[in-house]
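Below is one structure, written out as structure tokens; comments come after it.
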Amino acid sequence: MRNIKEIFTNIRVIILIIFLVLMVFAIYPNPFNKGVVIKSVIPNSAASLAGIENSKVTAPMSLEKILMINNIPVTSIEDYYKLTSNALVNQSIFIKTNKKNYQLLVKPKIKEIVLNETEQKIVEEFILVNETINNTVVQSNKSINKTIDVPKIVKEIIGVEEVGLRVDNAPLTNLRKGLDLQGGTRVLLKPVQEINDSSYSDIVDNIKERLNVYGLADITVKEVSTSTLLGEKAEKLIMLEIAGATEEEVKDLIGKQGKFEANIGNQTVFIGGRNDITSVCTTATCSGIDPDRPCSRGEEGFVCGFRFAITLSPSAAQRQADITDKLDLVTSGSQKYLSQELTLYLDDTEVDSLKISSDLKGKAVTDIAVSGSGTGNSQKDAIDQTLKNMKKLQTVMKTGSFPVKLEIAKIDNISPTLGKEFINNSLFIGLIAALVVVLTLVIFYRNIKIAIPIMINTLSETLIILGIASIIGWNLDLASIAGIIASIGTGVDDLIVITDEMLKKQTEVFINWKERIKRAFFIVLSAFFATAVAMIPLWSFGGGMLKGFAVTTLLGITAGVLITRPAFAHIMQKIIEE
Amino acid sequence: MVIFLKAVLLNIYDKKYKQLMIFSILLLLLSLGVLSYNYFTKGELVERGVSLKGGVELTISIDQDLSIDSVKQHLNNDFKDSDISLRTITEQGKIREIIIEAADLEEKQLIDSLKNHGLKIERNQYSFQKTSSATGERFFKQTIIALIFAFLAIGIVVFITFRDLVPSLFVVLTAFSDMVSTLAVISLLDVKLSLGGVAAFLMMIGYSVDTDILLTTRVLKRKEGTIFERTVNSLKTGLTMSLTSFFGVLAAYFLTTSDAIKQIMLILSIGFLFDIIYTWIQNTGILRWYLEIKEKRRTQQTK
Chain F
1 MRNIKEIFTN IRVIILIIFL VLMVFAIYPN PFNKGVVIKS VIPNSAASLA
51 GIENSKVTAP MSLEKILMIN NIPVTSIEDY YKLTSNALVN QSIFIKTNKK
101 NYQLLVKPKI KEIVLNETEQ KIVEEFILVN ETINNTVVQS NKSINKTIDV
151 PKIVKEIIGV EEVGLRVDNA PLTNLRKGLD LQGGTRVLLK PVQEINDSSY
201 SDIVDNIKER LNVYGLADIT VKEVSTSTLL GEKAEKLIML EIAGATEEEV
251 KDLIGKQGKF EANIGNQTVF IGGRNDITSV CTTATCSGID PDRPCSRGEE
301 GFVCGFRFAI TLSPSAAQRQ ADITDKLDLV TSGSQKYLSQ ELTLYLDDTE
351 VDSLKISSDL KGKAVTDIAV SGSGTGNSQK DAIDQTLKNM KKLQTVMKTG
401 SFPVKLEIAK IDNISPTLGK EFINNSLFIG LIAALVVVLT LVIFYRNIKI
451 AIPIMINTLS ETLIILGIAS IIGWNLDLAS IAGIIASIGT GVDDLIVITD
501 EMLKKQTEVF INWKERIKRA FFIVLSAFFA TAVAMIPLWS FGGGMLKGFA
551 VTTLLGITAG VLITRPAFAH IMQKIIEE
Chain W
1001 MVIFLKAVLL NIYDKKYKQL MIFSILLLLL SLGVLSYNYF TKGELVERGV
1051 SLKGGVELTI SIDQDLSIDS VKQHLNNDFK DSDISLRTIT EQGKIREIII
1101 EAADLEEKQL IDSLKNHGLK IERNQYSFQK TSSATGERFF KQTIIALIFA
1151 FLAIGIVVFI TFRDLVPSLF VVLTAFSDMV STLAVISLLD VKLSLGGVAA
1201 FLMMIGYSVD TDILLTTRVL KRKEGTIFER TVNSLKTGLT MSLTSFFGVL
1251 AAYFLTTSDA IKQIMLILSI GFLFDIIYTW IQNTGILRWY LEIKEKRRTQ
1301 QTK
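Those protein sequence lines, which keep their order, are chains F and W. Heads up: the first sequence runs through residues 1 to 578, numbered per the numbering used here. Heads up: the second sequence runs through residues 1001 to 1303, numbered per the numbering used here.
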């Protein structure tokens, strides 16, 4: 009894207990947490318009949780989809979360159908009268009413647009599951030529922006640079992890450099990115299928045109004026054009080339329409492809290009099923391995009592590793879990050293407890430093794939020597004294 | 009987420690022999998996009965020019996952071919990792640098701890021997070394040094008893450490369904067994020898 009191009044044990309590708060486990949390919001969706925002906090347990939809409680993802999928256009959906109440207005999903007949239409456009021929792109600032023959386009509501929330089952803890545990795609990108630090961070920003345009959830973009260990040339890589995305989606997004250029002759007028293009229209009013170049049957399937409006910066507009000023006029039919065309290139491939109206010679026009096309086997395919091409072009015009081309150095795709199996299996083997260790030790020492402090120590170290991982926002992946197992293994080794020093017969030489603990910790600390330095190369090795191993191992052994093992020594001392 | 046997063994351990070392030296030479054989016949010390060489590795979870040989044959028929390797993870005698490695194929080609063979493969049912060969080679080069770095760094830490160069070199030699022999064994077991395996080797070096530090501290820094008594003392502690870790790791090896974890556990468990030999025969032997020579010199000098 006295011993138990002494255990709990010891400063080392008190520190351990304080730490354990803090870690439980950091992990914040709630095995009964039910419901649905908002992981991200798609831009311009009904949810986004209703004021639901992407969460700024990153701790999983602090994500905004949906409590009720239309006053019906939501307890699972199935509930969520059941309650949101049957909504009608323009119907209101009331969402009550743990933070706020929102009223969403369901948006219709519109499809444009281009009919084979034409109709006469009076349009008011920023277009000049003499520009009624196809392929006309350049618009002056003059507004004019004109009558044109356009193919009839019927806008049809083909359904309901989804409300635009990416949701997930409510998490049970603050632990972040890495890709290996939940499935998704991980890509390691390598710039094809050497780049400096600023263009490196430009690339990282650019990727983040591109992914945002596509509204993908759960992305981490990490900069990985290898150090110059022992003469190895340092290299900079970018690791991208996207939960739930497929390889094709990722490749489409980042496989291309996205270098956009608009040239007249061999002179560049403007390029993609904010410096030259101040805004890109993506709404239906000023972007979409080009009414002047509707879908038509070509030699191989259908061809459709798209166009959208952009605004140039004054300096880019001036550049255009300077270049066009020097061009000659040519007459084609009844129209007058400039002698050279404006050609658009994406990644050095021509997207489209446009005739420039004579009125624009030497004029600094900032509002410009950009066009291009897409093809497909059927009219529907052609429209889909055209709109996809348009979105790609809009994205690179907004975000600009990567300073250099990126090469996919490594791509991993983990299936969510296998990820889930891995979690269960890790928990299972962790438990069994711990039992085997404790059992072996009980047999070796022929003393059942020592099982208790060893169990306490092992559990405490696991809890501290997981707690700190939650606090620093570390994603637990396969390497991290291997690291946890490894650090607990060295932990057990240290416990054996400590126990043996203490169990030495008092008769050998009289050494007091303090001296024994000091001796044990000499070995423990030396072993700690040896393991710690062995982990250093993993920090930057293998494109950062093993960083998790180094992180959890270092967390574990550091927590071990500073917190748990001193407390263990004290508890063990009291048990042996008894 | 047990006590008698123990006494005999301890006597051999005490009196014939130099002869015992022949055993560990032979083991080390044999391991080096295996590795050189690998190097001269296959061009590398140990076979490398896709993460260190480049290529694609496809893991498919299976919930139907199938014959692995027919799958293998089918794939070899479909891709005659490719070097395809296939392994399985079984649970209770049933195939649970198949893992296919190929250097020059795309995962899609493999999946299409398997589907033609009648395998049901859903989108969510497979994982793959693909590494370009340049990246694989670079990772492999980094592996070697990482290992050299680890040895140097551990050597420095041990030297700072003991302030005595020769025993520190013994510690590094033990860790090196552990690594060489483990590498030889996994090459004989046809394991393809992956990134996870490299982490396991670094971890193993760390563990190996633990027992050597224990031995060197007790023998070099303690004064109570004879050198041999202190050795036996640390032997008990060290064996408890190695065997406990060995059983824990072995349990994990048999129970895990993750290919990466399995390799890590395999390397660690083999490493623990070699560490027992190299620490308690080789390192103990040369350390004692060294101390005896040192002692002899000192007595000669005082004379």
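Beta carbons: idealized from backbone N, C-alpha and C, even for Gly.
Taking a cut of 9 Å between CB atoms, which residues from the stretch 1122-1146 of chain W lie near chain F? E1122, R1123, N1124, Q1125, Y1126, S1127, F1128, Q1129, K1130, T1131, S1132, A1134, T1135, G1136, R1138, F1139, K1141, Q1142, T1143, I1145 and A1146
Output yes if chain W places a C-beta closer than 9 Å to the C-beta of E235 of chain F; else output no. Here residue 235 of chain F refers to the residue found at position 235 when the first sequence is read from its first residue. So, interface residue.
According to the Cβ coordinates, are L546 of chain F and G1196 of chain W closer than 9 Å? Translated into the one-based positions of the first sequence, residue 546 of chain F becomes position 546. Translated into the one-based positions of the second sequence, residue 1196 of chain W becomes position 196. Cβ atoms of L546 of chain F and G1196 of chain W: closer than 9 Å.
Taking 8 Å as the limit between beta carbons, can you name the residues of its chain near G543 of chain F, skipping five residues before and five after? Indexing the first sequence from 1 puts residue 543 of chain F at position 543. Closer than 8 Å at the Cβ level, and outside the excluded window around G543 of chain F, lie L188, V224, T226, L237, M239, A409 and K410.
Any beta-carbon of chain F closer than 9 Å to the one on E1044 of chain W? On the second sequence, residue 1044 of chain W is found 44 positions in, with the first residue counted as 1. Closer than 9 Å: no.
Hey, does S426 of chain F have any beta-carbon neighbour from chain W nearer than 9 Å? In the first sequence, the residue the question calls residue 426 of chain F occupies position 426. It does: the Cβ of S426 of chain F has a partner Cβ on chain W nearer than 9 Å.
What residues from chain W crowd round S526 of chain F, counting only those whose CB sits closer than 8 Å? Stepping through the first sequence from its first residue, residue 526 of chain F is reached at position 526. Going along chain W in sequence order, the residues near S526 of chain F (Cβ under 8 Å) are V1157, V1158, T1161, I1213 and T1217.
Going by the CB atoms, is the gap between Q182 of chain F and P566 of chain F shorter than 9 Å? The residue you call residue 566 of chain F lines up with position 566 of the first sequence. The residue you call residue 182 of chain F lines up with position 182 of the first sequence. No, Cβ-Cβ distance for P566 of chain F and Q182 of chain F is not below 9 Å.
Which residues in the same chain as K109 of chain F place their Cβ atom closer than 8 Å to its Cβ, once the five residues preceding and following it in sequence are excluded? As a working note, residue 109 of chain F is residue 109 in the first sequence. Around K109 of chain F: I157, I158, G159, V160 and E161.
Same chain only: Cβ atoms within 7 Å of A482 of chain F, ignoring 5 sequence neighbours per side: By one-based count along the first sequence, residue 482 of chain F stands at place 482. Excluding residues within five positions, the ones whose Cβ falls inside 7 Å are F549.
Does DSSP put E261 of chain F in a helix, in a strand, or in coil? As a position in the first sequence, residue 261 of chain F is number 261, starting the count at 1. In this structure, E261 of chain F counts as strand in the three-state DSSP scheme.
Within this structure, are the beta carbons of A1184 of chain W and L1268 of chain W separated by less than 9 Å? By 1-based counting over the second sequence, the position of residue 1184 of chain W is 184. By 1-based counting over the second sequence, the position of residue 1268 of chain W is 268. No. Outside cutoff.
Could one say the Cβ of V1249 of chain W lies closer than 9 Å to chain F's Cβ atoms, at least one of them? Position 249 of the second sequence, counting from 1, holds the residue named residue 1249 of chain W. Yes, contact with chain F.
Taking the alpha carbon of V37 of chain F as the point to measure from, which residue in F:L104, F:K100, F:I14 and F:R166 has its own alpha carbon closest? The sequence position of residue 37 of chain F within the first sequence is 37, counting from 1. Nearest of F:L104, F:K100, F:I14 and F:R166 to V37 of chain F, Cα basis: F:R166.
Against S1113 of chain W, what residues of chain F qualify as contacts under a CB-to-CB distance less than 8 Å, listed in chain order? In the second sequence, residue 1113 of chain W corresponds to position 113, counting from 1. In chain order: nothing, as chain F lies at least about 18 Å away.
With DSSP as the reference, identify every bridge partner of M68 of chain F, one or two as the case may be. Here residue 68 of chain F is taken as the residue at index 68 of the first sequence, counted from 1. The partner list for M68 of chain F (beta bridge, DSSP) reads F:P73 and F:K96.
Just checking, does the stretch 267-285 of chain F make contact with the stretch 305-318 of chain F on the three C-beta pairs under 8 Å criterion? yes
Could you tell me which whole alpha helix (DSSP H) segments of length 4 or greater appear in the stretch 1014-1039 of chain W? none
Is there a C-beta anywhere in chain F that falls below 9 Å from the one on S1051 of chain W? The residue given as residue 1051 of chain W occupies position 51 in the second sequence. Yes, contact with chain F.
Cutoff 6 Å; reference L329 of chain F; Cβ partners in own chain excluding five residues on either side: Sequence index remark: in the first sequence, residue 329 of chain F carries index 329 (1-based). Only K336 and S358 meet the Cβ criterion.
Tell me, please, whether the CB atom of A1150 of chain W is closer than 9 Å to any CB atom in chain F? Looking up residue 1150 of chain W in the second sequence gives position 150. Yes, A1150 of chain W counts as interfacial toward chain F.
In terms of alpha-carbon separation, which member of W:E1097, W:F1254 and W:K1053 lies closest to L1193 of chain W? On the second sequence, residue 1193 of chain W is found 193 positions in, with the first residue counted as 1. Comparing Cα-Cα distances from L1193 of chain W to each of W:E1097, W:F1254 and W:K1053, the minimum goes to W:K1053.
Any C-beta of chain W sitting closer than 9 Å to the C-beta of V370 of chain F? The residue labelled residue 370 of chain F in the question sits at position 370 within the first sequence. Answer no: the Cβ-Cβ gap between V370 of chain F and chain W never drops below 9 Å.
Please confirm whether I1062 of chain W and E1097 of chain W have their CB atoms less than 9 Å apart. On the second sequence, position 62 is the one that residue 1062 of chain W refers to. On the second sequence, position 97 is the one that residue 1097 of chain W refers to. Yes.
What's the C-alpha gap between N206 of chain F and A1150 of chain W? Locating residue 206 of chain F in the first sequence gives position 206, where the first residue counts as 1. Locating residue 1150 of chain W in the second sequence gives position 150, where the first residue counts as 1. Roughly 37 Å between the two C-alpha positions.
Using C-beta distances below 6 Å, list every residue in its chain close to S339 of chain F, excluding the 5 sequence neighbours before and after it, in chain order. Along the first sequence, read from residue 1 onward, the residue named residue 339 of chain F stands at position 339. Contacts found: L327, D328 and V330.
Strictly under 9 Å for the Cβ-Cβ distance: is N413 of chain F near chain W by that measure? Position 413 of the first sequence holds residue 413 of chain F. By this cut-off, N413 of chain F is an interface position.
For V250 of chain F, three-class secondary structure by DSSP: As a position in the first sequence, residue 250 of chain F is number 250, starting the count at 1. Helix at V250 of chain F.
Spell out the partners DSSP gives F270 of chain F in its beta bridges. Taking the first sequence and counting its residues from 1, one reaches residue 270 of chain F at position 270. In DSSP, F270 of chain F forms a bridge with F:A262.
Mind checking if L478 of chain F is an interface residue toward chain W, Cβ cutoff 9 Å exclusive? For the purposes of this step, residue 478 of chain F is taken as residue 478 along the first sequence, with counting starting at 1. Yes, because at least one Cβ of chain W sits closer than 9 Å to the Cβ of L478 of chain F.
For P73 of chain F, count neighbouring Cβ atoms within 10 angstroms of its own Cβ and tell me buried if that reaches 16, exposed if not. Residue 73 of chain F sits at position 73 when you count from the first residue of the first sequence. The residue is exposed, with fewer than 16 neighbouring Cβ atoms inside 10 Å.
Run down chain F in chain order and give the residues with a C-beta less than 7 Å from the C-beta of D1078 of chain W. On the second sequence, residue 1078 of chain W is found 78 positions in, with the first residue counted as 1. Those do not exist, as D1078 of chain W stays about 21 Å from chain F at its closest Cβ, beyond 7 Å.
Take S1085 of chain W and list the residues in its own chain whose beta-carbon comes closer than 8 Å to its own, dropping the five residues that flank it on each side. Here residue 1085 of chain W refers to the residue found at position 85 of the second sequence. For S1085 of chain W, where only same-chain residues beyond five positions count, the Cβ hits under 8 Å are I1100, E1101, A1102 and K1192.
Considering just the uninterrupted stretch of the alpha helix (DSSP H) at G288 of chain F, what are its terminal residues? As a first step, residue 288 of chain F must be located in the first sequence, where it is residue number 288. Note, G288 of chain F: premise wrong, no alpha helix (DSSP H); beta strand (DSSP E) at S287 to I289.
Can you confirm whether K1006 of chain W, when its beta carbon is compared against all beta carbons of chain F, has any partner nearer than 9 Å? The residue given as residue 1006 of chain W occupies position 6 in the second sequence. No, because no Cβ of chain F sits closer than 9 Å to the Cβ of K1006 of chain W.
Determine the direct distance from the alpha carbon of L1255 of chain W to that of I1089 of chain W, and round the result to whole angstroms. Translated into positions along the second sequence, residue 1089 of chain W becomes position 89. Translated into positions along the second sequence, residue 1255 of chain W becomes position 255. I1089 of chain W and L1255 of chain W: Cα-Cα distance of roughly 11 Å.
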